[in-house]
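Chains as they are written, first to last, in the numbering used here: chain A, 7 to 414; chain B, 2 to 282.
Below, the structure is given as structure tokens:
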């Protein structure tokens, strides 16, 4: 077991998650001061040196984002922590914020000073009431430490109202501004025109926690685990037919087979039946076969070989009794329910896919489905519509999962 | 000037030109459903998508500004597939009988209107709750034009907005109130910009229903609105020597095609022939 993003068990027992002691013991106080001292250019160089990518799913290079916002000439800028985690099978930000909220918030404050923002927002999923309370407690600790308050950065918490789409960064800005959470067309990118049309840095909870860790230690410490391509650790959420469901911190590069089968992690299906399929990266992710899963490692270049990605770190397991058609219908219903309805390919496309699955005409209609999925991926405004058919297409491209003779 | 390449042809356009304007300017066919020359692009219909080198997904050309060195392709297989599927999805959902632009997209992409049909549609009763226009939402493709015309783009009344989500997203007056109970001021600018006939003047609707609307018999006469000092330019659409509709030219620099309730609907007085000879009792 490795403890970096999560505090080690002794510390977790000895200190409250939102407490001054935790702030000091975890090195976050050192991180905050260290980052102030070395200045924003060096801060961004260090982030570049650890090759940090966004941990929300898209893995965009963090240093590039920070540099873009920093270089904007506007006097008003914003930083936002995206804690609107809402995808089926994804629950790692919740765990992280409940167990160690000061890490992500320290990262948020470091981000604010590095890019020159005076106002920070935390956008937290509406259903995560317990998380919101924990964040408020942590903000109080930071205020007592003198890091936030008048003349310094202020942090406001905004709660979502139950829409998955509000986690899309530009929809999230609309939601904070009081509008319907509909994604905006990019460009302009958030780094140039984001929240209130000002340059905005928006990062996932886990990304910001990594920032706090980096400056609590140093580049070499950070790079000591993980792979060359992706140093550090990842929070993965195991669910489905798995003996030990939950959130685990693992180094990048760990064998997926170990993650699934090893007793200290998943511990196998736990049903006594063999594994049938693995959904990597959540509802918008990729189905892989057990053979693929046992060859792959948890890293971007490695998973790319199977057309998959790390995504948000959600890994869902299904044993031999799983009815793939029903699972895909559930995922399709999720996207049809959560589409905002703004653009035609997603608004009607998600509905038609759901209908095809419900009437079990998937394989008769494979040519139509392929065109529809391609149009949705190509022409939808945002990531929701662009990835809504991913899991379905990946499953149909693996005929062995269905005992079908040919792929989509 | 910006220098870009569209379908292999290099052209120069002034800064601020959209990719749509640039492509149409050189004679390319780029369909649009939600785009309107006098409204902010809504980016909703996605029919205008093109391929731009360096972009993973297709790009809506109506809102994308041309950039120096941009390489645009408007005729690729991906572009064709996206447009065809969009036409097929809309025809599987909506009544397209009076949606001219959509019908053109269907024929241009050789869309199979039955391909995705058979599922849930937008069939619903006509909303006929006032004397000036009717709302026939089974023809609504959710282009957002009416919302924009009612909002910051023209009228600043905000009587309507999109409500619901996914397939249930729809134009709403607020809890689906009848229009007279909503904030609507009946300027009819939503009717003016509607591309599918989902919103229709009551007069036109009634004439069409009774089979008396003869497009070829209608003549238009330009005049000036007599109600106030602004002097908006009007186009009177006249059939059988009766005004049946009033619009304003889309390219008029004052109105941009938009009018108020009096200019658009207050025309009955010109065709009342009983002279008033005594004061009302």
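The C-beta atom is built at its ideal place from N, Cα and C for all residues, glycine as well.
What does the Cβ neighbour count give for residue i, buried or exposed, with the cut at 16 atoms within 10 Å?
i	result
residue 19 (chain A)	exposed
residue 87 (chain A)	buried
residue 35 (chain B)	buried
residue 206 (chain A)	buried
residue 13 (chain A)	buried
residue 274 (chain B)	exposed
residue 269 (chain B)	exposed
residue 275 (chain A)	buried
residue 287 (chain B)	Outside the modelled stretch of chain B, which goes from 2 to 282, sits residue 287 (chain B), for which no answer is possible.
residue 326 (chain A)	exposed
residue 40 (chain A)	buried
residue 86 (chain B)	buried
residue 312 (chain A)	buried
residue 44 (chain B)	buried
residue 7 (chain A)	exposed
residue 242 (chain B)	exposed
residue 24 (chain B)	buried
I believe residue i touches residue j by the beta-carbon criterion, under 8 angstroms. Please report the beta-carbon distance rounded to the nearest angstrom.
i	j	result
residue 56 (chain A)	residue 228 (chain A)	5 angstroms
residue 127 (chain B)	residue 135 (chain B)	6 angstroms
residue 5 (chain B)	residue 71 (chain B)	4 angstroms
residue 194 (chain B)	residue 40 (chain B)	7 angstroms
residue 241 (chain A)	residue 272 (chain A)	Between residue 272 (chain A) and residue 241 (chain A) the Cβ distance is about 14 angstroms, and since that is not below 8 angstroms, they are no contact.
residue 130 (chain A)	residue 138 (chain A)	5 angstroms
residue 151 (chain A)	residue 29 (chain A)	6 angstroms
residue 292 (chain A)	residue 397 (chain A)	7 angstroms
residue 167 (chain A)	residue 132 (chain A)	5 angstroms
residue 156 (chain B)	residue 190 (chain B)	6 angstroms
Is there at least one Cβ from chain B nearer than 7 angstroms to residue i's Cβ?
i	result
residue 350 (chain A)	yes
residue 39 (chain A)	no
residue 399 (chain A)	no
residue 378 (chain A)	yes
residue 4 (chain A)	What is shown of chain A runs 7 to 414, which leaves residue 4 (chain A) out entirely.
residue 374 (chain A)	yes
residue 74 (chain A)	no
residue 346 (chain A)	yes
residue 354 (chain A)	yes
residue 191 (chain A)	yes
Residue i CB to nearest chain A CB: under 7 angstroms?
i	result
residue 33 (chain B)	no
residue 21 (chain B)	no
residue 120 (chain B)	yes
residue 59 (chain B)	yes
Would you mind telling me which residues of chain A sit closer than 8 angstroms to residue i, beta carbon to beta carbon, in chain order?
i	result
residue 87 (chain B)	350, 351, 381, 385
residue 235 (chain B)	Here the premise fails: no neighbours, minimum Cβ distance about 34 angstroms.
Residues of chain B with CB under 8 angstroms from residue i, in chain order?
i	result
residue 342 (chain A)	167, 168
residue 92 (chain A)	The contacting residues do not exist; residue 92 (chain A) stays about 14 angstroms from chain B at best.
residue 392 (chain A)	58
residue 186 (chain A)	162, 163
Mind checking if residue i is an interface residue toward chain D, Cβ cutoff 7 angstroms exclusive?
i	result
residue 361 (chain A)	Going by chain labels, chain D is absent from the structure shown, which instead holds the protein chains A and B.
Note down, in chain order, every chain B residue with its Cβ under 9 angstroms from the Cβ of residue i.
i	result
residue 70 (chain A)	Simply none; closest approach about 15 angstroms.
Starting from residue i, find everything on chain A with Cβ-Cβ shorter than 7 angstroms and list it in chain order.
i	result
residue 5 (chain B)	In chain order: nothing, as chain A lies at least about 16 angstroms away.
List, in chain order, every chain A residue whose beta-carbon is nearer than 9 angstroms to that of residue i.
i	result
residue 180 (chain B)	Chain A residues near residue 180 (chain B): none, gap ~21 angstroms exceeds 9 angstroms.
Of the residues that make up the segment 64-87 of chain B, which ones have a beta carbon closer than 7 angstroms to any beta carbon in chain A?
-> Per Cβ criterion, the list reads 64, 79, 82, 83, 86, 87.
Please name the residues in the segment 40-57 of chain B whose beta-carbon is closer than 7 angstroms to at least one beta-carbon of chain A, in chain order.
-> Taking 7 angstroms as the Cβ-Cβ cut-off against chain A, the residues of the segment 40-57 of chain B that qualify are 44, 45, 46, 47, 50.
Compile a chain-ordered list of the residues in the segment 85-116 of chain B whose CB is closer than 8 angstroms to at least one CB of chain A.
-> So the close ones are 85, 86, 87, 90, 91, 93, 94, 116.
Scan the segment 121-134 of chain A for residues whose Cβ lies nearer than 8 angstroms to a Cβ of chain B and list them as they occur along the chain.
-> So the list is empty, because no residue satisfies the distance condition.
Chain B contacts from the segment 158-170 of chain A (Cβ-Cβ distance under 8 angstroms) | Per Cβ criterion, the list reads 169.
Positions along the segment 189-223 of chain B whose CB lies within less than 8 angstroms of some CB in chain A | Cβ contacts with chain A: none found.
Looking at chain A, which residues of the segment 127-144 of chain B have a Cβ within less than 9 angstroms of any of its Cβ atoms?
-> Within the segment 127-144 of chain B, 142, 143 place their CB atoms closer than 9 angstroms to a CB of chain A, listed in sequence order.
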